[in-house]
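Trainee: Chains as they are written, first to last, in my numbering: chain A, 2 to 350; chain B, 2 to 350.
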């Protein structure tokens, strides 16, 4: 497990190179290896290390199990009017998502609004990356996906029904920082509970039920037949259900409790061409004014309140200069994977 | 104020007639009076009396102040591809919403997906009504609107910035009951806080800040310069901000903290033609299976866990038979309004 006492700082481009070489070792063609590596390390850059290149470990398990076809290329299954279906062919989810986001942008420009669904897609990474890409083109972006593996109990229930089903929403912002909301509908990430359990720790109340359906803070209760809870009580639970049903049906992955596959992201992108309704100059001016109001909505001593996506943008700017800290435990895991694949990884030796 | 000790039960059609006559007295043409009355009383039928015909009081204030043009008819300002703008002309919001929802359905059928924005629209009523209408046609529906009057502090802030900005999402369901999620992004409705304050009561913790930005349960603190909090901490707060900016920009109402108008719903509808992606039979079968799993996700003794919209559907079926209970206080307020307008209201005498 990550040992924070022995951290080495790497520039992002070194981690992209490391990640791409491991992906090539897993069988990815070089262009897809680069695309997935850039996407994973972008998560490290914006501060979400849980979605960063450590995911190589999980992905290698899928490749080994035969779920993930490392050489598969996503393609457009069909386009009709403002709707498109992308077939991910059970290859790299980021490749399907990048193709889907590009299509979403082009179709929304043409029709004013567009819906693009990704079928047979593995983990698409951070939804925030894709809606940020959409907002950067002057469009409003929405994205949601259901996640393989029922882990979350509905509000009032005690059994695992929904996945951790993330939801993301973007609007073009001022000064090149878009509004980018991206959250899991689970109260806390399953990965954090697993990490807390390994160190024998506890998690905050309100996030977990034990196998008998009782509220618990003992992290090990998740693995012992417990369930995560949704954020925001019945409201967040309702969002999670809608994501599971809508994404599961549109993408064909089915809701997690029905498919029981344990992997795959049924993913839906929607976009609206904001410029059809309001001039880009007005969007920038209103966004700037709104940002100022939010920043100043707390007493000066507290510091500015941040908008959705702003912490990520600041972290990205900082880590692009300062580099990304990689704990010894993460280096060791990735180095071991590389060794098994016969990939030379002097950076992590 | 409502006096629950003196309740009379009315069939829905009597309340529709009462409401329509008052609306006509306010200047609504008879077809619009019927449309708005049906919409308001539908909220009573599904159990949301706060959005029912009691809103006549608020609406009459807007008519009197000259904000609401009771004779104005909404129209399509423009349609281009899969995008449409409806001009509500500051008439009845439900009329704009009904026209908008109808357009959303037709355009999503034609293009596969559609976005319809309502500008210059007054209170559109329950968003759940409009997304349910969209789901009833086999489409996925999304709706959100920003609300006039900043009342909600962003997570981490202590000043009023956002409106109570509701969000709604529907999918076609099984057995004529659609999945219909519809919630305010404020932790609790402003109306409930006002009612609690009038009886000197308290509200649950986590929903309100006092004027100094301190957490409070004293309901009167809202009127005394306090702020509501968003549901779901930073996640719900982020949703509220996206709604305020996206709806405020697309509809031209501007975010509540900028416009400061105190009224109007900048409203956005999106729909996806589900049948382009999956056959209606499969939608019904998967929805039924998912509903069963959710129902049975709690111990039998607890009773079934309900899906979004299910409580409303059950209440509607019950109240359609049993009628709608109207407290003396509500009858008195509406009767007084009718008297001022010269409308004869023997039912409430």
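The C-beta atom is built at its ideal place from N, Cα and C for all residues, glycine as well.
Report the residues of the stretch 288 to 300 of chain B with a CB closer than 7 Å to any CB of chain A, ordered along the chain.
Mentor: 288, 290, 291, 294, 295, 298, 299, 300
Trainee: Tell me which residues of the stretch 224 to 237 of chain A have at least one Cβ-Cβ distance to chain B shorter than 7 Å, keeping chain order.
Mentor: Within the stretch 224 to 237 of chain A, the residues whose Cβ lies closer than 7 Å to some Cβ of chain B are 232, 233, 236, 237, listed in chain order.
Trainee: Answer with buried or exposed for residue 179(B), where buried requires no fewer than 16 other C-beta atoms within 10 angstroms of its C-beta.
Mentor: It is buried - the Cβ of residue 179(B) has at least 16 other Cβ atoms within 10 Å.
Trainee: Which bits of chain A does residue 141(B) rub up against, with CB to CB less than 8 Å?
Mentor: 247, 251
Trainee: Using a beta-carbon distance cut-off of less than 7 Å, what residues from the stretch 169 to 193 of chain A approach chain B?
Mentor: 170, 172, 180, 182, 184
Trainee: Whose C-beta lies closer than 8 Å to the C-beta of residue 334(B) among residues of the same chain, with five residues either side of it excluded?
Mentor: 55, 58
Trainee: If you run the structure through DSSP and keep just helix, strand and coil, what is residue 232(B)?
Mentor: coil
Trainee: Taking the beta carbon of residue 153(B) as the centre, do at least 16 other beta carbons fall within 10 Å, making it buried, or is it exposed?
Mentor: buried
Trainee: Since residue 151(B) contacts residue 125(B) with CB under 8 Å, what's their CB separation in whole angstroms?
Mentor: No, residue 151(B) and residue 125(B) are not in contact; Cβ-Cβ is about 19 Å, not under 8 Å.
Trainee: Name, please, each residue of chain A whose Cβ falls closer than 7 Å to the Cβ of residue 154(B).
Mentor: 298
Trainee: Taking C-beta pairs closer than 9 Å, name the residues in chain B that residue 259(A) reaches, listed in chain order.
Mentor: 287, 290, 291, 294
Trainee: Does DSSP put residue 1(A) in a helix, a strand or coil?
Mentor: Because chain A in this structure spans residues 2 to 350, residue 1(A) falls outside the shown range and cannot be described.
Trainee: From the DSSP output, read off the bridge partner residues of residue 193(B).
Mentor: Answer is none; residue 193(B) lacks a bridge partner.
Trainee: Are the beta-carbon atoms belonging to residue 139(B) and residue 309(B) less than 8 Å from one another?
Mentor: no
Trainee: By how many angstroms is the C-alpha of residue 92(B) removed from the C-alpha of residue 232(B)?
Mentor: In this structure, the CA atom of residue 232(B) is about 31 Å from the CA atom of residue 92(B).
Trainee: Taking the straight line between their C-alpha atoms, what separation do you get for residue 319(B) and residue 222(A)?
Mentor: 41 Å
Trainee: Smallest Cα separation from residue 33(A): which of 68(A), 72(A), 305(A), 8(A)?
Mentor: 72(A)
Trainee: Return the CA-CA distance between residue 312(A) and residue 256(B), expressed in angstroms with no decimal places.
Mentor: 22 Å
Trainee: Taking a contact to mean a Cβ-Cβ separation below 8 Å, would you say residue 142(A) touches residue 112(A) in this structure?
Mentor: no
Trainee: If we require 3 or more residues per run, which beta strand (DSSP E) segments fall completely within the stretch 75 to 139 of chain B?
Mentor: You should have 76 to 81, 84 to 88, 114 to 120.
Trainee: Considering only the alpha carbon of each residue, which of 272(B), 294(B), 331(B) lies closest to residue 103(B)?
Mentor: 272(B)
Trainee: For the candidate residues 286(B), 274(B), 253(B), whose alpha-carbon lies nearest to that of residue 265(B)?
Mentor: Ranking 286(B), 274(B), 253(B) by CA distance to the CA of residue 265(B) puts 253(B) first.
Trainee: Measuring straight from C-alpha to C-alpha, what distance separates residue 296(B) and residue 307(B)?
Mentor: 6 Å
Trainee: To which residues does DSSP link residue 268(B) through a beta bridge?
Mentor: 119(B), 146(B)
Trainee: Does residue 12(B) have its Cβ less than 8 Å from a Cβ in chain A?
Mentor: no
Trainee: Is the beta carbon of residue 215(A) sitting closer than 8 Å to the one on residue 203(A)?
Mentor: no
Trainee: Report the partner residues of residue 188(B) according to the DSSP bridge assignment.
Mentor: Beta-bridge partners assigned by DSSP to residue 188(B): none are found.
Trainee: Hey, out of 172(B), 87(B), 190(B), 78(B), whose CA is closest to residue 276(B)'s CA?
Mentor: 172(B)
Trainee: Quick one: give me the first and last residue of the beta strand (DSSP E) that residue 169(A) is part of.
Mentor: 167 to 172
Trainee: Name, going along the chain, the residues of the stretch 89 to 117 of chain A whose beta-carbon falls closer than 8 Å to a beta-carbon of chain B.
Mentor: Residues passing the 8 Å Cβ filter: 111, 112, 113, 114, 115, 116.
Trainee: Which residues in chain A have a C-beta closer than 8 Å to the C-beta of residue 78(B)? List them in chain order.
Mentor: Neighbours of residue 78(B) across chain A, judged by C-beta separation under 8 Å, do not exist; the nearest C-beta is about 10 Å away.
Trainee: Going by C-alpha to C-alpha distance, which of 42(A), 30(A), 249(A) sits closest to residue 379(A)?
Mentor: As displayed, chain A neither begins before 2 nor continues past 350, which places residue 379(A) out of reach and without an answer.
Trainee: Within a Cβ cutoff of 8 Å, which residues of the same chain sit near residue 340(B), ignoring the five residues on either side of it in sequence?
Mentor: For residue 340(B), where only same-chain residues beyond five positions count, the Cβ hits under 8 Å are 346.
Trainee: Hey, which unbroken runs of the beta strand (DSSP E) at 3 residues or more fall wholly within the stretch 269 to 335 of chain B?
Mentor: 325 to 328
Trainee: Using only the alpha-carbon positions, how far apart do residue 348(B) and residue 63(B) sit?
Mentor: 25 Å
Trainee: With 16 as the cutoff for other CB atoms within 10 Å, does residue 76(B) come out buried or exposed?
Mentor: exposed
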